[in-house]
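According to our numbering, the sequence shown is numbered sequentially starting from 22. Using N, Cα and C, we set each Cβ at its ideal position, and we do this for glycine too. To start, the structure under review is shown below, and the notes come after it.
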Amino acid sequence: MPRTAATPPSPERPRIARRDVWAALGYAALVLLLASTGLTNRGLLYQLASWPLAVSIAVLLVASLGTLWRRRAPVVTLLVTGTLSLAELLLGGQITAYILLADVFFVPVLHGSRRLARTTTAIAAMLTALALLLTATLTASPENVLLVVMVASLVVLVPLMWGWEVRHHRDARRAAETLAAAEHELASARSTRAVEHERRRIAHDLHDVIAGHLSAVTLHTGLAASLEEREARDRSLSTARESARAALRDLQSMIGVLSTEDGGQLPVATLDWGSLAQRLRGRDPEAHIEVTEAATDPAQVEPSAQAALLRIASEAVTNAVRHGAAPILLVVDVTEEEVSLVLENRRAEAARPGTGLGRGAIAHRAQAVGGQAESGAIDADRWRVQARLPAHPLSPTTSKEAHA
């Protein structure tokens, strides 16, 4: 019996189709045709008992009728057709009985459940062994034993092997189709996750970079309206104008990346420590800003960590400008193993509550390179953003996420 792998559950039982009817009618016609030609063989128990031709024809016609359920209920074919065909071989000897018996062993293996297929194989093995034992015992004739072996090979062994082989290929095809469907669903899920990841990346880019510029525009235009000195007012309006231009450049860069077919291209953002310092000083001219030069040295801090740190700083600066007030403190330091950022500011009295997107973006950027970041109130008046990132991230995939 060929070895088969585990397969998915069998489909719903098929109905009795036209081809099943034609098969039953074909067997019935074969019964009548062979009986009319007089081509027959003696029953295996002819010396003990036998029945007339009319009984053989009736038995084989009922056995042919049992093949109607060969696909829908193979156990019916096994019990009805198998029992009657075996009885005919013992007591009648019509040649059609051999043909029907071969189909009896083939059908349950191919169309039945795995349990029925194994049961059919076991029954066939027991019947073959019993036939050999009885022939050898009752006749003691090597010729008869050889004849039983030949008949068993043609009627039992070949149908069984054929049925198992066809079943094996059918189950393998079904397993391959199931696997292909699962792979298709997995690819669809991956595509959905990729789209969702891209949406979050775009949202973070908009929030990290462009929102910072627009916050500076809002701050300085509002400040210019309240200044009486023309020179100070012109400086605020100039800063607002530069921030608006930077936001426009970044937005055009992102639109260009989204409209191109080059999936590996990244937007060019107007983001560096100088521009961030300028934003903070627009909010607090006396802001204490201390950024070590090592933070921009690729030999000490890998570009992936630099990019993540800049995005975290951009988000922290945006929040400080939008919701904070002087005094403001920004310190970026680098040790042998990590780079750290601390930004503190006083909470503005009239600050509106944030959406929480910025805090989530800060944590996401830090985790993408294997670091950690937290933000929250120190006390009732002050707010702190603190991040610690590895200077040399281990995972090669983190660089992609940090630049995302």
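Residue i to residue j span [Cα, whole Å]
{"i": "P306", "j": "T213", "result": "46 angstroms"}
{"i": "W90", "j": "V130", "result": "14 angstroms"}
{"i": "A152", "j": "L178", "result": "14 angstroms"}
{"i": "P348", "j": "E249", "result": "23 angstroms"}
{"i": "E9", "j": "L301", "result": "Residue 9 cannot be examined here, being either before or after the span of the chain that is shown, 22 to 425."}
{"i": "L66", "j": "A108", "result": "10 angstroms"}
{"i": "R136", "j": "M147", "result": "17 angstroms"}
{"i": "A173", "j": "E204", "result": "45 angstroms"}
{"i": "A408", "j": "A326", "result": "11 angstroms"}
{"i": "T242", "j": "L258", "result": "6 angstroms"}
{"i": "I12", "j": "T104", "result": "Because residue 12 is not part of the residues shown, which for the chain are 22 to 425, the question remains open."}
{"i": "D41", "j": "A210", "result": "42 angstroms"}
{"i": "T98", "j": "P163", "result": "33 angstroms"}
DSSP bridge partner residues for residue i (one or two, in chain order)
{"i": "D293", "result": "Answer is none; D293 lacks a bridge partner."}
{"i": "S361", "result": "D354 and R409"}
{"i": "W404", "result": "N366 and A398"}
{"i": "Q115", "result": "T61"}
{"i": "A346", "result": "R367"}
{"i": "H309", "result": "L350"}
{"i": "Q393", "result": "R409"}
Contact check, residue i vs residue j, beta carbons under 8 angstroms
{"i": "A268", "j": "L297", "result": "no"}
{"i": "V355", "j": "V322", "result": "yes"}
{"i": "R386", "j": "A329", "result": "yes"}
{"i": "W183", "j": "F127", "result": "yes"}
{"i": "R64", "j": "G113", "result": "Note on identity: in this sequence residue 64 is Gly, with Arg being the wrong assignment. It is a contact, given that the beta carbons lie within the stated cut-off."}
{"i": "E311", "j": "L351", "result": "yes"}
{"i": "D124", "j": "T88", "result": "yes"}
{"i": "L82", "j": "V101", "result": "no"}
{"i": "R367", "j": "A401", "result": "no"}
{"i": "I384", "j": "A394", "result": "Per the sequence shown, the amino acid found at residue 384 is Ala instead of Ile. Yes. Within cutoff."}
{"i": "Y119", "j": "V176", "result": "yes"}
{"i": "R93", "j": "R34", "result": "yes"}
{"i": "G303", "j": "T239", "result": "no"}
{"i": "G379", "j": "N340", "result": "yes"}
Simplified DSSP state of residue i, which is helix, strand or coil
{"i": "V322", "result": "coil"}
{"i": "E314", "result": "helix"}
{"i": "P129", "result": "helix"}
{"i": "P95", "result": "helix"}
{"i": "S420", "result": "Residue confidence for S420 is low, a pLDDT of 43 falling below 50, so the modelled location carries little weight; the figure read from the coordinates is stated next. Correct three-state label for S420: helix."}
{"i": "R264", "result": "Reading the sequence as shown, one finds Ser at residue 264 and not Arg. Helix."}
{"i": "L66", "result": "coil"}
{"i": "R36", "result": "coil"}
{"i": "L301", "result": "helix"}
#### Entry: 4 or more residues per run - each alpha helix (DSSP H) lying fully within the segment 143-209
Uninterrupted alpha helix (DSSP H) stretches at least 4 residues long and entirely within the segment 143-209 occur at 163-173, given in chain order.
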